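J.:
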Amino acid sequence: MSFFALNDDHRAIAEMAQNFAREKIAPHALDWDERKHFPVDVLREAAALGMAAIYTSEDIGGSALSRLDAALIFEALARGCPTIAAYLSIHNMSTWMIDRFGDESQRAKWGPSLSRMDLLASYCLTEPAAGSDAAAIKMKARRDGDCYVLNGVKQFISGAGASDIYVIIARTSDDGARGMTAFVVEKDAPGLSFGANERKMGWNAQPTRQVICDDCRIPAANRLGEEGHGFKIAMAGLDGGRLNIAACSLGGAAEALDKAVAYMAERQAFNKKLNTFQALQFRLADMAIDLEASRSFLWRAASALDAKTPDATALCAMAKKFVTDACFTIANDALQLHGGYGYLADYGVEKIVRDLRVHQILEGSNEIMRLIVARRLIEEK
Ligand SMILES: Cc1cc2nc3c(=O)[nH]c(=O)nc-3n(C[C@H](O)[C@H](O)[C@H](O)COP(=O)(O)OP(=O)(O)OC[C@H]3O[C@@H](n4cnc5c(N)ncnc54)[C@H](O)[C@@H]3O)c2cc1C
C-alpha cells in the first residue's frame, strides 16, 4: 500500500461511511447535542454496516479491516458528528480488546453481540485520583473462589450506564503496572452502579458517568488475559484508540473548514465577499495545509500499527497529539471566520469546537503523548 494513494477498496469503505454520516447522523447532530440524546438505534445501523467491529476478526462477526480503514471510517463518521464517531471508536476499541486478549469462550460469548451492537461496550481505566498516571489506579479485584470481587470507582467513563459490557482494569496486586488485570464486567453484575451523567462542554450525545464497583462480584471466567497483564492490554487498546480519536478530530475539522469556505463565499463585508480578502484566503490555505498534514500523519501512523512496526506506539502518540491539536485549531479558526454567527448553535461550528476540545485531553492527554515520544527519544540515545 502506498501511503499517498488509497486503493478502490479504501475509497469504497470511506464512501460507505460518508453516505451513512450524511444520511443518518448529520441531520440530527445538533438536536442530539442539545437534548443530550444517545442514539443507540443509529449506532446499531452503523454496526449492521460493519462499523462496530472494524478491525475485529471475522469469526466473531467483525469486519477484519485495517487500522487505515478505521481511520477513513472515523473521519467520515465525524463529519456527521464527532461525538457519535467517538463513542463508536471506544466501542470498537473495547470489542477489539475482547477479540485480541479473550479466550475462545469469551470471544464466542460476547464477540458476535458486540459486533452487531446488540451489546454496547465501555473502556474503564481512569479513576478519580488516577488519570494520566494510569499505573496508579486503586480499584481492587480480589479472587474469591470462582469469582473476583471488585471495589473502587472509575471516572469519566464514556457510554457508562448505557453500555452493557465494561472492560475494567483493576488491581490484583500492589506491584504497580505489573499488578493490573483486565476484566469484563456485565451491566447486571451485583454491586455495579453508575454515577450521574456528567454535564460537559461537548460530547453531549453520549453519556459520561462514574462506574462504581461496591463488592461487585463477577465470575473468574470474566478475567481477560492473565493476572498482571492488564496494563499491557489497556495500552494496546489505546494505540488504536488514539488513532481513532485523531480521525474523529480530522472529520470534525474537515467539516468545519468546508462550512467556512461556503460561508465566506456568501458573506459580505466592506462590500466584498469575505473570500476575496487575501488575509482570509491565506487563513483558509493554512487550515487546508494543516488538515492535509494531519491526514497524512494519521495514515502513516495507522499503516505502522497495521504493520506492527517497533515505532508504532510512538507514531500513534505523535499522530494523536499532532492531529488533535491541529484540528482543534482548524475548527476554532472556522468559527472565527464565521464572525458572530460562528458562535451561534445553528451554524454547527461551535459544536464541532466543543466536541473536538476533549480529544486533546482523553485517551492520554497531549502532554502524556509528548511524554511517550520523549521517553522513546531519550531511551534510544
Ligand atoms: C468526556 C470524557 C470522556 C472520557 N472517557 C473515558 C473513558 O471512556 N474511559 C477512561 O478510562 N477514561 C476516560 N476519560 C478520562 C481521560 O482519559 C482523562 O481525563 C485523561 O487521561 C486525563 O486524566 P485526568 O483528567 O485525571 O487529568 P490529570 O492526570 O490530573 O492531569 C491534569 C493535567 O496535568 C497534565 N499532566 C499530568 N501528568 C503530567 C506529566 N507527567 N507531565 C506533564 N503533564 C502532565 C495532564 O496532561 C493534564 O493537562 C474521559 C475524559 C473525558 C473528559
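Under UniProt numbering, the sequence shown has 5 at position 5, and the numbering climbs by one with no breaks.
From the three backbone atoms N, C-alpha and C, an ideal C-beta is built for every residue, glycine too.
The structure displayed is predicted, hence computed values, not measured ones.
(1) Between 246, 339, 308, which has its C-alpha nearest residue 295's C-alpha?
(2) Using 8 Å as the cut-off, classify the Cβ of residue 132 as near or not near the heavy atoms of ligand 1, replying yes or no.
(3) Looking at ligand 1, does it come within less than 8 Å of residue 96, judged from the CB to the closest heavy atom?
(4) Once DSSP output is grouped into helix, strand and coil, what is the label at residue 216?
(5) Run through DSSP, which three-state label would residue 370 get?
(6) Please name the residue, chosen from 64, 56, 37, 21, that lies closest to residue 46 on a Cα-to-Cα basis.
(7) Quick one: what does DSSP say residue 223 is sitting in, helix, strand or coil?
(8) Contact check, residue 128 vs residue 155 under 8 Å by CB: the rounded distance?
(9) My output table needs one value for residue 161: the three-state DSSP class, helix, strand or coil.
(10) Using DSSP bridges, identify the partner residues of residue 122.
(11) DSSP on residue 151, reduced to helix/strand/coil?
(12) If you reduce the DSSP assignment to three classes, tell me which class residue 385 lands in.
(13) Once you ignore the five residues that flank residue 144 on each side, which residues in its own chain have a CB closer than 6 Å to its CB?
(14) Are the CB atoms of residue 359 and residue 249 within a distance shorter than 9 Å?
(15) With 16 other CB atoms within 10 Å as the buried threshold, where does residue 222 fall?
(16) Pick out the complete alpha helix (DSSP H) segments inside the segment 14 to 88, 4 residues or longer, and give them in chain order.
(17) Can you name the start and end residues of the beta strand (DSSP E) that residue 363 belongs to?
(18) Since residue 181 and residue 189 are thought to touch, with beta carbons under 8 Å apart, how far apart are those beta carbons, to the nearest angstrom?
(19) Could you pull the start and end residues of the alpha helix (DSSP H) that residue 188 belongs to?
(20) Helix, strand or coil, according to DSSP, for residue 380 in the structure here?
(21) Classify residue 27 as buried or exposed, calling it buried when 16 or more other Cβ atoms lie within 10 Å of its own Cβ.
(22) Measuring CB to CB, does residue 54 end up less than 9 Å from residue 43?
(23) Look at residue 56 and residue 113 and say whether their C-beta atoms are less than 9 Å apart.
(24) With a CB to CB cut of under 6 Å and the five nearest residues on each side skipped, what residues in its chain are close to residue 263?
(25) Counting along the chain, where does the alpha helix (DSSP H) carrying residue 300 start and finish?
(26) For the pair the segment 279 to 287 and the segment 253 to 261, tell me if three or more CB-CB distances fall below 8 Å.
(27) Our contact map puts residue 117 next to residue 70 with C-beta atoms below 8 Å; I'd like the distance itself, whole angstroms only.
(28) Closest by CA to residue 101, which one among 270, 368, 233, 375?
(29) Can you tell me where the alpha helix (DSSP H) holding residue 192 begins and where it ends?
(30) Comparing the CB of residue 89 with every heavy atom of ligand 1, is any distance shorter than 8 Å?
(31) Could you tell me how far apart the beta carbons of residue 210 and residue 195 are, in whole angstroms, since I believe they sit closer than 8 Å?
(32) Label residue 23 either buried or exposed according to how many other C-beta atoms from any shown protein chain fall within 10 Å of its C-beta, with 16 as the threshold for buried.
(33) Restricting to Cα atoms, I'd like to know which of 19, 73, 49, 59 is closest to residue 10.
(34) Given the structure, does residue 122 come close to ligand 1, in the sense that its CB is under 8 Å from one of the ligand's heavy atoms?
T.: The short version:
(1) Reading the sequence shown from its first residue, position 295 is the one you call residue 295. For the options 246, 339, 308, the alpha carbon positioned closest to that of residue 295 is the one of 246.
(2) As a working mapping, residue 132 is identified with position 132 in the sequence shown. Because some heavy atom of ligand 1 lies under 8 Å away, the Cβ of residue 132 counts as near it: yes.
(3) Position 96 of the sequence shown, counting from 1, holds the residue named residue 96. Answer for residue 96: no, Cβ out of range of ligand 1.
(4) Working through the sequence shown from its first residue, we reach residue 216 at position 216. Per DSSP, reduced to three states, the secondary structure at residue 216 is strand.
(5) The residue you call residue 370 lines up with position 370 of the sequence shown. Reduced to three states, the DSSP call for residue 370 is helix.
(6) Taking the first residue of the sequence shown as 1, we reach residue 46 at position 46. For the residues 64, 56, 37, 21, the minimum Cα distance to residue 46 belongs to 21.
(7) In the sequence shown, counting from the first residue as 1, residue 223 sits at position 223. Note: residue 223 maps to strand in three-state DSSP.
(8) Taking the first residue of the sequence shown as 1, we reach residue 128 at position 128. Taking the first residue of the sequence shown as 1, we reach residue 155 at position 155. With a Cβ gap of about 5 Å, residue 128 and residue 155 count as contacting.
(9) The residue you call residue 161 lines up with position 161 of the sequence shown. Judged by DSSP in its simplified three-state form, residue 161 adopts coil rather than helix or strand.
(10) In the sequence shown, the residue the question calls residue 122 occupies position 122. Looking at the DSSP assignment, residue 122 forms a beta bridge with 166.
(11) Sequence index remark: in the sequence shown, residue 151 carries index 151 (1-based). In this structure, residue 151 counts as strand in the three-state DSSP scheme.
(12) Outside the shown range of the chain (1 to 381) lies residue 385, about which nothing can therefore be said.
(13) Against the sequence shown, residue 144 aligns to sequence position 144. None.
(14) For the purposes of this step, residue 249 is taken as residue 249 along the sequence shown, with counting starting at 1. For the purposes of this step, residue 359 is taken as residue 359 along the sequence shown, with counting starting at 1. It is a contact, given that the beta carbons lie within the stated cut-off.
(15) If you number the sequence shown from 1, residue 222 lands on position 222. The residue in question, residue 222, is buried, as its Cβ has 16 or more Cβ neighbours within 10 Å.
(16) The DSSP assignment places complete alpha helix (DSSP H) segments of no fewer than 4 residues inside the segment 14 to 88 at 29 to 35, 40 to 48, 67 to 80, in order along the chain.
(17) On the sequence shown, residue 363 is found 363 positions in, with the first residue counted as 1. Bounds of any beta strand (DSSP E) do not take in residue 363, whose DSSP letter is neither H nor E.
(18) The count along the sequence shown starts at 1 and reaches residue 181 at position 181. The count along the sequence shown starts at 1 and reaches residue 189 at position 189. Residue 181 to residue 189, Cβ: 16 Å. No contact.
(19) Position 188 of the sequence shown, counted from the start, is the residue given in the question as residue 188. Run containing residue 188: none; DSSP gives neither H nor E here.
(20) Along the sequence shown, read from residue 1 onward, the residue named residue 380 stands at position 380. Helix, per DSSP.
(21) Along the sequence shown, read from residue 1 onward, the residue named residue 27 stands at position 27. Under this definition residue 27 is an exposed residue.
(22) Position 54 of the sequence shown, counting from 1, holds the residue named residue 54. Position 43 of the sequence shown, counting from 1, holds the residue named residue 43. In this structure, the beta-carbon distance from residue 54 to residue 43 does not fall below 9 Å.
(23) Counting from 1 along the sequence shown, the entry for residue 56 is found at position 56. Counting from 1 along the sequence shown, the entry for residue 113 is found at position 113. Going by C-beta atoms, residue 56 is not nearer than 9 Å to residue 113.
(24) Taking the first residue of the sequence shown as 1, we reach residue 263 at position 263. Result list for residue 263: 338, in chain order.
(25) Mapped onto the sequence shown, residue 300 falls at position 300. Going by DSSP, residue 300 is part of the alpha helix (DSSP H) stretching over 278 to 306.
(26) With a cut-off of 8 Å, the segment 253 to 261 and the segment 279 to 287 count as touching, because enough Cβ pairs lie within range.
(27) Translated into positions along the sequence shown, residue 117 becomes position 117. Translated into positions along the sequence shown, residue 70 becomes position 70. Contact flag wrong, Cβ pair sits at about 16 Å.
(28) By 1-based counting over the sequence shown, the position of residue 101 is 101. Of the residues 270, 368, 233, 375, the one whose Cα lies closest to the Cα of residue 101 is 233.
(29) Here residue 192 refers to the residue found at position 192 of the sequence shown. Residue 192: not part of any alpha helix (DSSP H); member of the beta strand (DSSP E) spanning 192 to 194, first to last residue.
(30) Translated into the one-based positions of the sequence shown, residue 89 becomes position 89. Residue 89 Cβ: outside cutoff for every heavy atom of ligand 1.
(31) Locating residue 210 in the sequence shown gives position 210, counting from the first residue. Locating residue 195 in the sequence shown gives position 195, counting from the first residue. Rounded, the Cβ-Cβ distance is 3 Å, consistent with contact.
(32) For the purposes of this step, residue 23 is taken as residue 23 along the sequence shown, with counting starting at 1. With fewer than 16 other Cβ atoms from the protein chains shown falling within 10 Å of its own Cβ, residue 23 counts as exposed.
(33) What you label residue 10 is simply residue 10 of the sequence shown in a count that begins at 1. Cα-wise, what sits closest to residue 10 is 73.
(34) Position 122 of the sequence shown holds residue 122. Answer for residue 122: yes, Cβ within range of ligand 1.
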